[in-house]
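For reference, the structure is listed below as structure tokens.
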Amino acid sequence: MNQILHKIQLHERLGNVNWVLQTVVQHYSDLSWVKPEILERIKYYVKQCAHIISPVTIEAITSLPDQDLSHAGLRSLILAASRIKPVPKTGTIPFPAVSSVGIVRELSVAQDAPSSLAPERIKLLDDTGSALIKAISRRVSGQCVWRPECYDFQILDVFGNDDPAVKGSSMGLPLALALCSKILDEPLPGDLSASGVVGRDGYVRPVTSMETKLQVLKRERFFVKRVMVSSDQDLTSVPAGLEIMKVRSISDAINIAFPERVHISNICVPIDIEAELASLKKQYEGYLIDTCEENASQLISYLEQSHLPLPKNRSIRALFICYWRKGCCHCHKGESGEADKSLSKAMGLYRKHPGLILPDEYFELKNQYGVLLKDLFKYRQAEKVHTELIKEMESALCLDHTRGANLSSLSQLYLAQCRYEDAEKYQRMAIRLVSEDEKYRNYGYLAQIHTRAGNFRKAARALSLARKSFAGAPVEIQHTKKPFLDWIEVEFLYWRGLRSVNRRKQVFQKLYAIASEYSALEGWVAALINKFRAIAMLLEGKDREGLQVLDEVISFFDAQFAPVLRVLGASVKAQRALYFLKANEIELAMEDMRGILEDLSFQKDIRVYFKKELGLISRLL
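Residue 529 in our numbering sits at position 494 of the sequence shown, with consecutive numbering throughout.
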């Protein structure tokens, strides 16, 4: 009986309401010692989850003793539940998943809502949405642009709570259908579910554990009669009453779910070029590189039309930005030839149309390109970009702040190469030029240079100036940029404590106090703060706590899809691997080395830069 109770508790936690109710009824006589609690639980589920309680479950409940049903007030509730018909909602679809057992969740897409998606869900939404929009565009005329920042989605349990534990690419097909429903403002058929992997190419691929998923759908969502799967999906058995619809692509799925119901007015809207440029910026900064590159290409085609309904000053500037974004996207993907083509076209537009593209905008974008090259360890090319900018700025009218921003980027490039004197020189030059509101950042970078050079007295002085400058910054900067300075200070405190054994405890206490504000790991800065917190703990012999924090930091970076963040994750794994080697935990150290190998192989240019190290790790493994 204990085993049955444990199973009931498991399925109850997972939201398998029909399984729970049917099992409770089946073992009702054996559970007489908790009969009042059982009846209250049945009553609770009949009231809260009436829309998903199946006829089989209702029949099972009505088989209980009349006296017990009447005493619990279940008769009228069961009658009401039997009459409820599920109503399809726009942007939603039930779909099956497997954890320890099969479960069913509802995927719900929202539009123009604040997004708080985890990185893996952002990637899934972006890839799926891109494939969907391409499929839709083939059915309509006009411009269809995918804007991932406009959408959000949740995986809801039976009580309407988001379930972050449900992960994986098998929800790609249901996400595509729910997203299409939201875009078209048409609910999906109420008897439809789906499970399949969707690639950016639009093809639907098979998933694992499909038989288990079909069984749980049959039991937990009695109204689902049709299930879409990949045309390549192998099935050994299908529960009676379920129709399997095999689809090869997103286009096939749309044709089944929305036959002849694509409303052009909901999809193709006039291009607002400023809105599209802002959207490109969000996609680029959010590292949705494939979508940014695709949309930039689409906008370039639009802007290069012979009869474009835009004044020349707006179209030339927009074309310049699109080519620049496209080139940077190719650079991110390690496609240097394509990157050079697009960037050359952007620079050609700047030189051909003086006055239509502001010098400061050109300089800012070129500076960002230099930073990108640094992040991809293309140091020689990055230095060339920044030194070219210095010369270009000398012969052009541009803001001092723009000059300072480029010098600061050059300083950070030298810091990455451990050229501390050059880094200090250019950061001091930058401090003289940047606006007062931004000086705190540059003093922070100066402190970081001195910290890594081992000059803690100068680092402390620069940190003091950074805090003083920050105190005079606008309120909105103080609200959003505090983590940056805390990261700089935590790194300083760690290295200072490492080198000063006598003062270590006192210094680390200050480090822990700052880091305690960032336990949620909201962003890579918070993750790096916690990295220093963790390795400080390990240094003080707080192994269990330190390893726990390191695990959380590594999990954060493993979930990211920007190569530069995966490199940061590799550096954290290296710290943990060193700890394991010292503790003679060889297998655990090797596991981290395998993770480092994966992180540093994530992007072509990074892989080339670390070729020697990757070869060494491969031989060790």
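Note that CB positions come from ideal geometry on N, CA and C, so glycine has one too. Since the model is a prediction, treat every value here as computed from it, not as a measurement.
How far does the alpha helix (DSSP H) with residue i in it extend, from its first residue to its last?
i: Gln83; result: 70 to 83
i: Ser284; result: Note, Ser284: premise wrong, no alpha helix (DSSP H); not H, not E.
i: Arg654; result: 646 to 655
i: Val420; result: 414 to 429
i: Arg467; result: 455 to 468
i: Arg110; result: 109 to 118
Please report the straight-line C-alpha distance between residue i and residue j, rounded to a whole angstrom.
i: Asn402; j: Ala440; result: 8 angstroms
i: Arg463; j: Leu481; result: 8 angstroms
i: Ile299; j: Leu623; result: With a pLDDT of only 47 at Ile299, under the threshold of 50, the placement of this residue in the model should not be trusted, and no figure is reported.
i: Ala417; j: Lys361; result: 18 angstroms
i: Ile570; j: Ala618; result: 15 angstroms
i: Gln189; j: Asp267; result: 28 angstroms
i: Phe615; j: Asn196; result: 39 angstroms
i: Ile631; j: Asp593; result: 10 angstroms
i: Glu557; j: Pro154; result: 12 angstroms
i: Ser64; j: Leu104; result: 14 angstroms
i: Phe491; j: Glu575; result: 21 angstroms
i: Leu585; j: Pro274; result: 45 angstroms
i: Ser377; j: Ile218; result: 32 angstroms
i: Glu329; j: Met206; result: 24 angstroms
i: Val542; j: Arg568; result: 12 angstroms
i: Tyr529; j: Phe398; result: 36 angstroms
According to the neighbour-count rule (16 or more other Cβ atoms, all chains shown, within 10 Å of its Cβ), is residue i buried or exposed?
i: Phe527; result: buried
i: Pro689; result: The structure shown does not extend to residue 689, since the chain is modelled only from 36 through 656, so no value can be given for it.
i: Gln102; result: exposed
i: Asn565; result: buried
i: Gln38; result: exposed
i: Asn53; result: buried
i: Gln340; result: exposed
i: Ile621; result: exposed
i: Cys179; result: buried
i: Ser336; result: exposed
Residue range of the beta strand (DSSP E) that residue i falls in?
i: Arg261; result: 261 to 265
i: Arg174; result: Looking at the DSSP string, Arg174 is not in any beta strand (DSSP E), and its letter there is neither H nor E.
i: Lys368; result: Where Lys368 is concerned, there is no enclosing beta strand (DSSP E), given that its DSSP letter is neither H nor E.
i: Tyr186; result: 186 to 191
i: Pro224; result: Element bounds for Pro224: n/a, residue is neither H nor E.
i: Ser143; result: 137 to 146
i: Ile128; result: 127 to 133
Using C-beta distances below 6 angstroms, list every residue in its chain close to residue i, excluding the 5 sequence neighbours before and after it, in chain order.
i: Lys70; result: none
i: Leu500; result: Tyr478
i: Ile88; result: Ala116
i: Thr141; result: Before going on, a small fix: residue 141 reads as Glu here, not Thr. Thr127, Pro129, Leu191.
i: Ala494; result: Ala482, His485, Thr486, Phe527
i: Gln57; result: Thr92, Ala95
i: Leu445; result: His421, Tyr461
i: Gly532; result: Arg539, Val542, Phe543
i: Glu427; result: none
Tell me which same chain residues have a C-beta within less than 7 angstroms of the C-beta of residue i, skipping the five on either side of it?
i: Ala431; result: Pro394
i: Phe412; result: Asp640, Ile641, Tyr644
i: Leu212; result: Ile128, Leu223, Ala229, Ala288, Ala292
i: Ile308; result: Leu345, Arg349, Ala353
i: Phe637; result: Pro598, Arg601
i: Leu448; result: Lys409, Tyr414, Ala417, Glu418, His421
i: Glu47; result: Val55
i: Gly225; result: Pro121, Pro123, Phe258
i: Ala465; result: Gly439, Leu442, Ser443, Ser446, Asn477
i: Arg182; result: Ser314
Are the CB atoms of residue i and residue j nearer to each other than 7 angstroms?
i: Gly137; j: Lys248; result: yes
i: Ser216; j: Val239; result: no
i: Ala166; j: Gly237; result: yes
i: Ile113; j: Ala85; result: no
i: Met280; j: Arg261; result: yes
i: Asp627; j: Lys608; result: yes
i: Asp521; j: Leu468; result: no
i: His367; j: Ile425; result: no
i: Val170; j: Ser286; result: Strictly speaking, residue 170 in this sequence is Ala, with Val absent from that position. Cβ distance < 7 angstroms, so Ala170 and Ser286 count as in contact.
Apart from the five residues on each side of it in sequence, which residues of its chain come closer than 8 angstroms, Cβ to Cβ, to residue i?
i: Glu75; result: Ala107
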